[in-house]
Amino acid sequence: MDERKKWSQREEDVKLVTKPWGNGKIGGVSGVGELWLNYVRGENVGDEEKRYVFKKLYIKKGTKTSFQYHVNKLETNHLISGSAEAWQENEKGGMEKSIFMAGDSWTIPCGRKHRLIALEDMVMLEASTPEVDDVIRIADDTGRPDGRIEREHQEK
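Sequential numbering from 2 applies to the sequence shown in the numbering used here.
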């Protein structure tokens, strides 16, 4: 057995999550929105306690993530490629717009409303606390409800 396989995996071996805005194609699966890099295929949230979640996201040009906030989840993002219009609530409750380019990083504090709009096809990394179901959606172009969406989190 390859010694590396004991403690690492390739993208095609990690948990795949499809999203309406996903444009990744991994191992024959299209519409991949997220790769959960610290989960292996077949592993579900709660199977093993994780202290963080590390994801790679693929977002199609012209699509939007949910306008949402998290009660307990804290996340930091890093844009690998593409560009995005980002909206985030400030300390006074107003919304601020930023344009992010490849190489930019940003943090979304708990309770802050936020949304991304892909100006180009995007690839980004997200590191967060483990509360993956802590999603309160204010608006979603595809009508998705709050929390975990089982059909998105099922293995493909």
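Every residue, glycine too, gets a C-beta built ideally from N, C-alpha and C.
Best match in the options for proximity to residue i [C-alpha to C-alpha]
i: V136; options: M125, I118, E90, C111; result: C111
i: D122; options: V133, P131, M102, D134; result: M102
i: K51; options: V18, R138, P131; result: P131
i: S84; options: N39, I118, E44, E49; result: I118
i: G94; options: Y70, K16, N78, W8; result: Y70
i: V133; options: I81, S99, K74, A140; result: K74
i: W22; options: V41, K61, Y40; result: K61
i: G63; options: K57, G47, E86, V41; result: E86
i: S82; options: D14, G104, A128, A140; result: G104
i: Y59; options: A140, G47, L120, V46; result: L120
Chain-order list of residues whose beta-carbon lies under 7 Å from that of residue i (same chain, five-residue window excluded)
i: E12; result: I27, L36
i: H79; result: S106, M125, L126
i: S9; result: none
i: R145; result: S67, R138
i: G148; result: D134, V136
Neighbourhood of residue i by C-beta, 8 Å cutoff - its chain only, sequence neighbours within 5 removed
i: M96; result: W88, Q89, E90, K114
i: T108; result: L75, E76, T77, N78
i: E44; result: K16
i: M2; result: Bear in mind that the predicted position of M2 carries a pLDDT of just 45, short of 50, making it too unreliable to give a figure here.
Identity of the residues DSSP links to residue i by a beta bridge
i: L117; result: A87
i: T77; result: T108, A128
i: G25; result: V33
i: I100; result: E86
i: Q10; result: BP columns for Q10 are empty, so no partner.
i: I137; result: Y70
i: L58; result: E35, M125
i: T19; result: V33
Residue i: CB within 8 Å of a non-hydrogen atom of the ligand ATP
i: W107; result: By its list of ligands, the structure shown contains no ligand whatsoever, and the ligand ATP lies outside what it can speak to.
Integer-rounded CB distance, given that residue j should sit under 8 Å from residue i
i: G25; j: V33; result: 4 Å
i: R116; j: K65; result: 6 Å
i: D14; j: V41; result: 6 Å
Residue burial classification, residue i (beta-carbon count within 10 angstroms, cutoff 16)
i: Y53; result: exposed
i: K98; result: exposed
Contacting residues, own chain, Cβ-Cβ under 6 Å from residue i (five flanking each side not counted)
i: N39; result: F55
i: T143; result: P21
i: S129; result: V54, K74, E76
i: V72; result: D135
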